[in-house]
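Asker: Take a look at the following structure, please.
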Amino acid sequence: MSHAEQSRPAILMAEGGAPAVRPRWRLAPMTAARIALIPAAVITIVCFYAFIVWTFVISLTRSRLLPVYDFVGFDQYRRLFASARWWTAMENLAIHGTLFIAGCTVAGYALAIMIDRGVRAEGFFRTVFMLPLSMSFIVTGLIWQWMLNPVFGIQDAVRDLGWEGFVFNWIVQPDRAIYTLAIAGIWQQVGLCMALFLAGLRGVDPNVWKAARIDGIPTWRVYTDIVTPMLRPVFFTVFVLLSALVMKSFDLVVALTGGGPGFASDLPARFVVDHILNRQELGLGAAGAFMMLCTVVAVIGPYLYREIHKSRGAR
Amino acid sequence: MRVSMLMTGFGAGLAVAVAAGLAAPAATAQTAEVLHWWTSGGESAALGEVRSAFTARGGTWNDTPIAGGANARAAAVNRMIGNDAPAIFQFSVGEQLKELAAQGFVGDVQQVAAAGNWDAVLPPLIARIAKEDGKYIAAPLNIHGENWMFYNTAVLEKAGVAVPKTWPEFLEAAGRLKAAGVTPIALGGQPWQERVLFNTVLLGVGGREHYARVYGDLDKAAMNSDAMLEAFSTFAALRGFVDEGSPGRRWNEATAMLMRGDAAFQFTGDWAKGELVAAGIEPGTTVGCMLAPAKDAAYIMAVDAFSFGATSDPQVKAAQKLMAEVIMDPQVQIAFNRRKGSIPVRTDVTDPGFDSCAKLAIATIKDPATHLVSTGLFGVSSAVSGAIDDAISQFWNSPSMTPEQGRSLFVQTVEDAR
């Protein structure tokens, strides 16, 4: 009914949809499992797929404040594609998504390797990197909003130190504000990636390292050529988790920039929520939500398909 | 929860009945859930005045506060669709409420309105907008004005600048203030605040007839006129008088800049007075107020109102009726509005206790020709008003956009959204 369910199915389908349809119905011992799965299947079908269908149906109607079943074809999509704000939001999603996923993965992996190499006070660093994760995106957004504020944030602090000409006002620059989202997002999520990678690194068989040492392979080569390929499933997990976060990025942008200046740092999720709840454009919002789903399917679908087939083949 | 409340109500009713020695029908508690978005200190204190009057007359008030007007409106609509409409809910009068009423989700209070002769005491514009199908579907509580100009008197004096009467005068004064190292305009850079500023300029430059043609009729010729171009060029000229920290700033932070003397002017609604009072400043002294420079006197009005969920429960109906009476009670309106910063919606209420700004507002709206609508509220649908906010905000935040481009963006945006 609300925006939340409309953006959620997209992600949940990508994450959990595949295992749910895999049971082998022909096997008799599976009967118990089959019965046990019924509630989950019903919930999945009703709450996710039914709502996806409903969202799509609504997007074909003239609905404004209330759902009305007065079909107008793809008129809402035409309006959506004519909207400058929607394209800004999609472009921002691409920029933010790329930077956020790449940044989190690279930085998280680097930190994990650093800790894995036996940094002193490992527990301390682990805690430091994990701490931002305990905060909500709203809090993260507010903290970074203050730090990035040109009047009393980092810019002002550096100027007070004597660098009068220092400029760091991205958050108020319409063409830069979107990058501040990635900064704050990476800051918060890098700990999670680090933890996942660290777990992966710790799971690498010590014999691999011993063998590499005997063969005289330099450490960095072990990482690039042996360990990293071994961590493929971890990278996959990190990618899916981060993609889900990107698609539903809503609270961070609301708290950090409010989509501004103007709508320069708007994201599709905020566009949808704004149109459904504040503007009473239920049909237009539903069209936006459905396009978000299509984006997810287009981006994650092939990757998901490939990974699942690969892991099956390996087994 | 609900049972225990009923029991308490029943117990209280019984106690009163026994004490009075009669089966008092009026003493049965008129319990009503009240959904609203007035959660900040000043707002909640103001609403407290309505609440105590309601309780004093035998009502039981079940408070459901939801922070944020948009959230509260969405919650009310969702509950109505789910067939669990709140008995009394805060709402903005306008197209959205009319649509809900047309779908049968909103009850009317025509009986109370007829008895209280609302038609005679309400400004005609508000009376019209609070009705659907000839019946009152909302009880309006107050009028906020959006075209105010607040200024720091000490800062103006120091810079030797007089309070400007026209926009060219303002631009000249702003230039001098900037040269003196003061931020001329404290602006909260959020789309709705930028729209308030633009509408103020539009009214000031184009005059009230032009304003009414643009927003009242969405008249394409008016939108394409020279007056519109002039409004956009004046608006564009203001870009240079806002400080770097403006984007994303909240309106009350901007008011704080004004109070501290960091900025000279703020163009916003009279809700800013609530902040002044909370900071111990009497509106009209350290921080002065004037209607923003304009060709002719006009007041861009925003109205807060309460509406009533459709119900067949006689007890809830009685509570709704009571609430409608309480809201339109002159004494309640005085007490409420002195705390809220707005003015009573009843034109027949005056009070020596109002501050000088409120008195100016009351004097201004004596002439119905001054009454204009805020695009944030009524006159245009929320789809159009949202699109207008987008267009204005895009123009404001793109310094390379020329006034001509701004005007055509505006026309195109309205055309697409209507």
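Those protein sequences? They're chains D and G, same order as listed. Here the first sequence is numbered in the numbering used here, starting from 12 and rising by one per residue. Here the second sequence is numbered in the numbering used here, starting from 21 and rising by one per residue. For each residue, glycine too, the CB sits at the ideal point set by N, CA and C. Fair warning: this is a prediction, and the values are worked out from it, not measured in the lab.
(1) Could you check which residue in K185(G), R99(G), T370(G), P267(G) has the C-alpha nearest to that of T84(G)?
(2) For the segment 157-184 of chain D, which residues have a CB atom closer than 8 Å to at least one CB atom of chain G, in sequence order?
(3) Using a 10 Å radius around the Cβ and a threshold of 16 neighbouring Cβ atoms, would you call R215(G) buried or exposed?
(4) Which residue's Cα is closest to the Cα of A18(G): A105(G), V132(G), F111(G), A199(G)?
(5) Quick one: which residues of the segment 286-299 of chain D get their C-beta closer than 9 Å to a C-beta of chain G? List them in chain order.
(6) Can you list, in chain order, the residues of its chain with a C-beta nearer than 8 Å to that of S147(D)? Leave out the 5 residues immediately preceding and following it.
(7) With T51(G) as the anchor, note down where its alpha helix (DSSP H) starts and where it stops.
(8) Which one of V202(G), E166(G), W187(G) has the shortest CA to CA distance from K178(G)?
(9) Report the option in W181(D), W198(D), A266(D) whose CA atom is closest to the CA atom of A113(D).
(10) Can you pull the chain D residues whose beta carbon is under 7 Å from the beta carbon of W168(G), in chain order?
(11) Quick one: give me the first and last residue of the beta strand (DSSP E) that W81(G) is part of.
(12) For Q456(G) and A182(G), I'd like the C-alpha separation in whole angstroms.
(13) Which residues in chain D sit within 8 Å of V97(G), going by Cβ to Cβ distance?
(14) Classify A134(G) as buried or exposed, calling it buried when 16 or more other Cβ atoms lie within 10 Å of its own Cβ.
(15) Can you grab the Cα-Cα spacing for the pair R233(G) / R366(G), in whole Å?
(16) Can you have a look at T230(D) and say buried or exposed, based on whether 16 or more other CB atoms are within 10 angstroms of its CB?
(17) At a Cβ cut of 8 Å, what residues of the segment 255-267 of chain G count as close to chain D, listed as they run along the chain?
(18) What is the residue span of the alpha helix (DSSP H) that N272(G) lies within?
(19) To the nearest angstrom, how far is the alpha carbon of Y314(D) from that of K259(D)?
(20) If you count every other CB in all the chains shown that lies within 10 Å of the CB of I49(D), and 16 or more means buried, which is it?
(21) Pull up the distance between the alpha-carbon of S145(D) and that of C204(D), whole angstroms please.
(22) Going by other Cβ atoms of all chains shown within 10 Å of its Cβ, with 16 needed for buried, is C377(G) buried or exposed?
(23) List, in order along the chain, the chain G residues whose C-beta lies closer than 7 Å to that of R96(D)?
(24) By the DSSP assignment, the alpha helix (DSSP H) with C204(D) in it spans what residues?
(25) Entirely within the segment 231-268 of chain G and at least 4 residues each: give me those alpha helix (DSSP H) ranges in chain order.
(26) Around the C-beta of P450(G), are 16 or more other C-beta atoms found within 10 angstroms, so that it is buried, or is it exposed?
(27) CB-CB under 6 Å to A344(G), same chain, minus the five flanking residues each way: which ones, in chain order?
(28) How many Å lie between D153(G) and D409(G) at the Cα?
(29) Where does T433(G) sit, in a helix, a strand or coil, going by DSSP?
(30) Please return the same chain residues whose Cβ sits closer than 7 Å to the Cβ of V336(G), not counting the five positions on each side in sequence.
(31) Is the separation between the beta-carbon of G165(G) and that of A338(G) shorter than 7 Å?
(32) Contact between the segment 249-256 of chain G and the segment 278-295 of chain G is defined here as three or more beta-carbon pairs at a separation below 8 Å; is this criterion met?
(33) Go ahead and label G119(D) buried or exposed: buried means 16 or more other beta carbons lie within 10 angstroms of its beta carbon, across all protein chains shown.
(34) List the residues that DSSP assigns as beta-bridge partners of S402(G).
(35) From the beta carbon of P279(D), is the nearest beta carbon of chain G less than 7 Å away?
(36) Since M303(D) contacts L91(D) with CB under 8 Å, what's their CB separation in whole angstroms?
Answerer: For this structure:
(1) R99(G)
(2) N160, P161, V162, F163, N180, I182, V183
(3) buried
(4) Nothing can be reported for residue 18(G): it is not among the residues displayed for chain G, which extend from 21 to 438.
(5) H286, I287, L288, N289, R290, Q291, E292, L295
(6) D262
(7) Segment 50-56 is the beta strand (DSSP E) holding T51(G); no alpha helix (DSSP H) there.
(8) V202(G)
(9) W198(D)
(10) The contacting residues do not exist; W168(G) stays about 23 Å from chain D at best.
(11) 79-85
(12) Because chain G here runs from 21 to 438, residue 456(G) falls outside it and cannot be looked at.
(13) L76, L77
(14) exposed
(15) 26 Å
(16) exposed
(17) D263, E264, G265, S266, P267
(18) 271-280
(19) 19 Å
(20) exposed
(21) 14 Å
(22) buried
(23) D410
(24) 188-213
(25) 240-243, 246-258
(26) Residue 450(G) lies beyond the range of chain G shown here (21 to 438); nothing can be said about it.
(27) V129, V132, A159
(28) 30 Å
(29) helix
(30) A52, A107
(31) no
(32) no
(33) buried
(34) Answer by DSSP bridge pairing: none, since S402(G) is not bridged.
(35) no
(36) Between L91(D) and M303(D) the Cβ distance is about 11 Å, and since that is not below 8 Å, they are no contact.
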